[in-house]
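Chemist:
Residue numbers (my numbering): 18 to 455.
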């Protein structure tokens with residue numbers, strides 16, 4: 018028997034809220050949403066390859082052995098996971114608040130926070146005081162995670178401004194921004210290290226400058242898409258009862274579970290990719306950025322070119338099943354390549370397997386976001402999408418924590434990939450329970 022509280026969340030696919038006042042406002046809203054996510058992922062792409070190095074540099078002077086010691090490794094792990102932890106906590110909070118006061122102030126607040134905390138990252142990177150530098154790196158990553166948690170609000174803007182049948186196409190904009198940001202972020206970080214090798218803070222200041230540009234454009238162009246009258250009354254910032262209701266709703270709870278496991282599998286190989294590049298293929302540090310940029314480029318093509326072109330003709334459930342299958346094939350292919358040491362052109366085969374897995378993830382991501390949105394009433398879009406985003410953040414916390422120990426179990430380093438493929442195979446068996454929306 019269905020929980021009566023859960024039924025209020027699921028119901029049949031509700032009509033979306035009234036569109037914003039004009040096509041111009043509609044385009045402005047979608048453009049700024051694209052820009053918000055692009056800036057967020059650009060900064061993430063800049064910082065992700067640099068953060069372990071900078072953290073280890075500070076740790077070397079504070080703890081003997083740096084990250085190789087137990088304490089140093091724990092501190093560096095906490096630094097790497099602090100961003101996702103804050104997104105896990107704050108995504109549903111920002112989404113819930115945006116359901117009460119509007120999307121525009123939350124998005125502008127998040128962008129302003131990105132300016133502040135990327136600037137702090139740049140400042141901390143060059144500090145000679147190692148204890149202070151490490152402390153400020155923590156503050157910068159925690160703050161950037163809080164600011165970047167507004168991605169759920171960006172998804173709510175898309176839900177506000179798109180008809181249900183076009184929602185998956187709109188959600189693919191976020192994936193496109195993710196791909197572009199993740200492509201050019203590492204390249205920008207590599208360029209800054211090449212041009213200014215003695216100035217570690219340059220990438221952080223570059224990310225802050227781009228965020229400032231986004232703030233200015235947001236003030237000038239971003240319309241309010243939230244419609245007065247769609248609020249469900251006063252709700253506290255941390256509404257645990259509603260959170261439980263969302264997760265217990267049969268369709269939404271299952272979709273969030275699938276999104277969590279798909280993101281967990283993706284985070285497994287994302288967290289260990291640099292190590293695989295080094296151990297299995299002897300790729301030097303200055304070329305490691307190119308592999309991450311390649312992943313971003315594949316994401317950009319898969320969501321910006323393939324998914325958006327087919328979204329009006331292919332159901333989200335079909336895209337989700339195809340995406341899960343591609344991820345399984347890609348991860349299993351990665352396992353095969355790593356185990357076959359005598360295989361010719363192993364790196365090329367490995368990159369091909371990664372492309373298949375990444376394309377699968379690119380299909381899953383907007384499909385689930387669209388399905389979650391279409392099964393959610395207008396007055397709870399921000400909150401429920403925030404819960405979904407928190408599930409992804411939790412997966413990005415747990416993925417590295419589990420994948421890094423698994424990496425060392427087998428000399429071929431295939432365990433993180435094998436685990437991801439196995440979990441996704443189980444998830445694929447659950448997808449027939451999700452019916453296409455009208």
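We treat Cβ as the ideally placed atom computed from N, Cα and C, and that holds for glycine.
No experiment lies behind these values; they were computed from the predicted model shown.
By Cβ distance below 8 Å, which residues in the same chain neighbour residue 437 in space, the five residues on each side in sequence not counted?
Modeler: Correct list, in chain order: 281, 282, 283, 285, 286, 344, 348.
Chemist: Mapping DSSP to helix, strand and coil, what is residue 342?
Modeler: It is helical.
Chemist: Less than 6 Å between C-beta atoms, sequence neighbours within five positions excluded: which residues of the same chain meet that for residue 314?
Modeler: The answer, listed in chain order, is 200.
Chemist: Could you give the residue range of the alpha helix (DSSP H) that holds residue 285?
Modeler: Unbroken alpha helix (DSSP H) run through residue 285: 267–298.
Chemist: Tell me, to the nearest whole angstrom, how far the beta carbon of residue 180 is from that of residue 127; I am working on the premise that it is less than 8 Å.
Modeler: With a Cβ gap of about 26 Å, residue 180 and residue 127 do not count as contacting.
Chemist: Taking all protein chains shown into account, do 16 or more other C-beta atoms lie within 10 angstroms of the C-beta of residue 38, making it buried, or fewer, making it exposed?
Modeler: The predicted position of residue 38 is uncertain, since its pLDDT is 46 and thus under 50; no value can be drawn from it.
Chemist: Please name the residue in 433, 443, 64 whose C-alpha comes closest to that of residue 220.
Modeler: The shortest C-alpha separation from residue 220 is found at 64.
Chemist: Which word fits residue 358, buried or exposed, when buried means at least 16 other C-beta atoms lie within 10 angstroms of its C-beta?
Modeler: That one is exposed.
Chemist: How long is the line joining the alpha carbons of residue 150 and residue 144, rounded to whole angstroms?
Modeler: Residue 150 and residue 144: Cα-Cα distance of roughly 5 Å.
Chemist: Answer yes or no: do residue 398 and residue 410 have a C-beta to C-beta separation smaller than 8 Å?
Modeler: No, Cβ-Cβ distance for residue 398 and residue 410 is not below 8 Å.
Chemist: Could you check if residue 105 is buried or exposed, using at least 16 other CB atoms within 10 Å of its CB as the buried criterion?
Modeler: By the 10 Å Cβ count, residue 105 comes out buried.
Chemist: CA-CA distance, residue 428 and residue 91?
Modeler: Cα to Cα, residue 428 sits roughly 23 Å from residue 91.
Chemist: Leaving out five residues before and five after residue 115 in sequence, what residues of the same chain have Cβ atoms less than 7 Å from its Cβ?
Modeler: Only 123, 170, 173, 243, 399 meet the Cβ criterion.
Chemist: Which term fits residue 254, buried or exposed, when burial requires 16 or more other beta carbons within 10 angstroms of its beta carbon?
Modeler: Only weak support exists for where residue 254 lies, its pLDDT of 47 falling under 50; the coordinates are left without a value.
Chemist: Taking the CB atoms as reference points, tell me whether residue 417 and residue 97 lie closer together than 8 Å.
Modeler: Cβ atoms of residue 417 and residue 97: closer than 8 Å.
Chemist: Go ahead and pull the three-state DSSP assignment for residue 191.
Modeler: Reduced to three states, the DSSP call for residue 191 is helix.
Chemist: Could you name each continuous beta strand (DSSP E) segment of 3 residues or more that falls completely within the segment 197–248, going from the start of the chain to the end?
Modeler: The segment 197–248 contains no whole beta strand (DSSP E) run of 3 or more residues.
Chemist: Which same chain residues end up closer than 7 Å to residue 385 when comparing Cβ atoms and leaving out the 5 residues on each side of it in sequence?
Modeler: Counting only Cβ-Cβ distances below 7 Å, and skipping sequence neighbours, we find 272, 275, 276, 337.
Chemist: From the DSSP output, in three-state form, read off residue 394 for me.
Modeler: The answer is coil: DSSP assigns residue 394 none of H, G, I, E or B.
Chemist: When we look at the beta-carbon of residue 136 and count the other beta-carbons within 10 Å, is it buried (16 or more) or exposed?
Modeler: It is buried - the Cβ of residue 136 has at least 16 other Cβ atoms within 10 Å.
Chemist: Under 8 Å by Cβ, that's how I've got residue 320 and residue 193 pegged, so tell me the actual separation to the nearest angstrom.
Modeler: Confirmed, about 5 Å.
Chemist: Helix or strand or just coil, what does DSSP make of residue 170?
Modeler: Residue 170 falls in the helix class under three-state DSSP.
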